[in-house]
Amino acid sequence: MKENFKSGFVAIIGRPNVGKSTLLNRIVRQKIAIMSDKAQTTRNKIQGVYTTEDTQLVFIDTPGIHKPQSRLGDFMVESAYSAIREVDAVIFMISADQKRGKGDNLIMERLQNCDVPVFLVINKIDKVHPDQLLPMIEDYQTCMKFTEVVPISATEGNNVENLLTTLEGYMPEGPQYYPADQVTDHPEYFIVSELVREKVLLLTREEVPHSVAVVVESMKRDEYDKIHIQATIIVERSSQKGIIIGKGGSMLKDIGIKARKDIENLLGNKVYLELWVKVQKNWRDKERYLQDYGYRE
Ligand code: GDP
Ligand code: K
Ligand code: MG
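This is the structure we're talking about:
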């Protein structure tokens with residue numbers, strides 16, 4: 001263990017769409033958590049690792065807290081709360097352009113009993129007038145005591161450096177868990193599947209809801225260093241399959257082109273991406289499918 005090295009795990013928790021994944025991506029400067037303007041796109045805990053000379057912060061991006069609607073929903077909420085118990089600090093993120101809601105109150109109820117530092121991070125300050133911040137901070141401070149309050153803009157990058165320095169100050173002495181050049185400990189399979197799923201949600205908009213999963217079946221490198229990937233998009237209804245394939249396969253082609261670009265950037269290799277679409281009724285309510293698709297640890 002390096003002399004005086006500090007390290008710790010930091011959970012990012014907050015209502016859907018406040019910008020948790022955006023912040024994580026900015027911090028690790030690489031696209032690892034998928035971003036979308038739809039709620040609940042992040043299903044698993046995704047870790048981003050930020051390493052400096054003397055500190056390592058390991059971030060956990062949690063699925064949004066919301067009312068569970070299926071067993072997958074239950075799992076997502078549980079996963080968010082279990083993250084709180086394993087960490088050295090918690091970022092409770094809110095959005096500057098949103099009023100405090102039930103979801104926020106629910107989260108704060110849970111956070112009140114937690115014995116690690118809790119930082120109130122107000123994101124999207126680029127969207128509001130600075131005068132709006134103080135009343136907002138005061139309002140939240142009536143609910144619970146925060147270690148520090150840090151306003152940021154995850155998309156613009158405002159004050160993100162300051163947030164990192166602040167967090168570093170609260171980390172205990174500890175080992176460097178991951179090599180300095182590693183930004184995530186998730187297998188590439190998972191990240192690739194998330195990138196494909198992001199494109200499906202992005203391009204199909206409201207027509208294909210969250211009942212979509214992507215499984216990477218294989219990833220092989222050929223003699224020219226090109227990576228061949230086979231992935232299956234799983235939907236619940238055949239009508240959704242039709243939408244994803246599109247007229248003459250045009251939608252699936254678009255999804256493939258966009259996902260391939262991101263995957264090539266991520267892996268630094270040329271990629272050949274083969275996509276399949278499969279109907280699997282009610283997979284969200286079947287525990288064993290959750291296991292198969294990696295939503296259980
Ligand atoms: P999550 O559900 O909390 O992970 O939220 P995302 O990171 O997926 O972000 C949800 C939406 O908010 C996306 O469209 C982001 O581009 C947008 N967003 C995130 N951070 C900011 C910010 O600082 N300013 C603005 N204007 N938009 C942001
Ligand atoms: K989101
Ligand atoms: Mg997210």
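Position 58 of the sequence shown, counted from 1, bears residue number 58 in the numbering used here, the numbering being contiguous throughout. Heads up, the beta-carbon is just placed ideally off N, CA and C, and yes, glycines get one too.
{"query": "If you follow the alpha helix (DSSP H) that PRO135 is in, where does it begin and where does it stop?", "result": "133-141"}
{"query": "Can you look up ILE227 in the DSSP assignment and give me helix, strand or coil?", "result": "strand"}
{"query": "Spell out the partners DSSP gives PRO151 in its beta bridges.", "result": "ILE122"}
{"query": "For a quick check, are the C-beta atoms of VAL215 and THR232 less than 8 Å apart?", "result": "yes"}
{"query": "Who does GLY174 pair with in a DSSP beta bridge?", "result": "Paired residue(s): none; GLY174 is not in a bridge."}
{"query": "In terms of residues, what are the limits of the beta strand (DSSP E) holding VAL215?", "result": "213-221"}
{"query": "Between ASP225, VAL118, GLY14, which has its C-alpha nearest GLY268's C-alpha?", "result": "ASP225"}
{"query": "Just the C-alpha distance for PHE92 and GLY103, rounded to the nearest angstrom, thanks.", "result": "12 Å"}
{"query": "Rounded to a whole number of angstroms, what is the C-alpha to C-alpha distance between LYS254 and VAL271?", "result": "Note that residue 254 is Asp in the sequence shown here, rather than Lys. Rounded to whole angstroms, ASP254 to VAL271 spans 15 Å at the Cα level."}
{"query": "Kindly provide the ranges of any alpha helix (DSSP H) runs that are 4 or more residues long and lie completely inside the stretch 227-265, ordered along the chain.", "result": "238-245"}
{"query": "Return the first residue and the last residue of the beta strand (DSSP E) that GLU274 is part of.", "result": "271-279"}
{"query": "Thinking just about the alpha-carbon of each residue, which of ARG100, LYS281, ILE191 is nearest to the one in PRO135?", "result": "ARG100"}
{"query": "Between which two residues does the beta strand (DSSP E) harbouring GLY8 extend?", "result": "6-14"}
{"query": "Rounded to whole angstroms, what's the CA-CA distance from ARG237 to ARG197? Just pull it up for me.", "result": "16 Å"}
{"query": "Look up VAL196 in the DSSP assignment and say whether it is helix, strand or coil.", "result": "helix"}
{"query": "So VAL90 is in the beta strand (DSSP E); what residue range does that whole segment cover?", "result": "89-95"}
{"query": "Helix, strand or coil: which one does DSSP assign to VAL58?", "result": "strand"}
{"query": "Which residues in the same chain as LYS241 place their Cβ atom closer than 6 Å to its Cβ, once the five residues preceding and following it in sequence are excluded?", "result": "VAL235, VAL277, VAL279"}
{"query": "Quick one: what does DSSP say GLY19 is sitting in, helix, strand or coil?", "result": "coil"}
{"query": "Would DSSP call GLY169 helix, strand or coil?", "result": "helix"}
{"query": "Taking C-beta to C-beta, are VAL150 and VAL116 nearer than 8 Å?", "result": "no"}
{"query": "Return the first residue and the last residue of the alpha helix (DSSP H) that ASN105 is part of.", "result": "102-112"}
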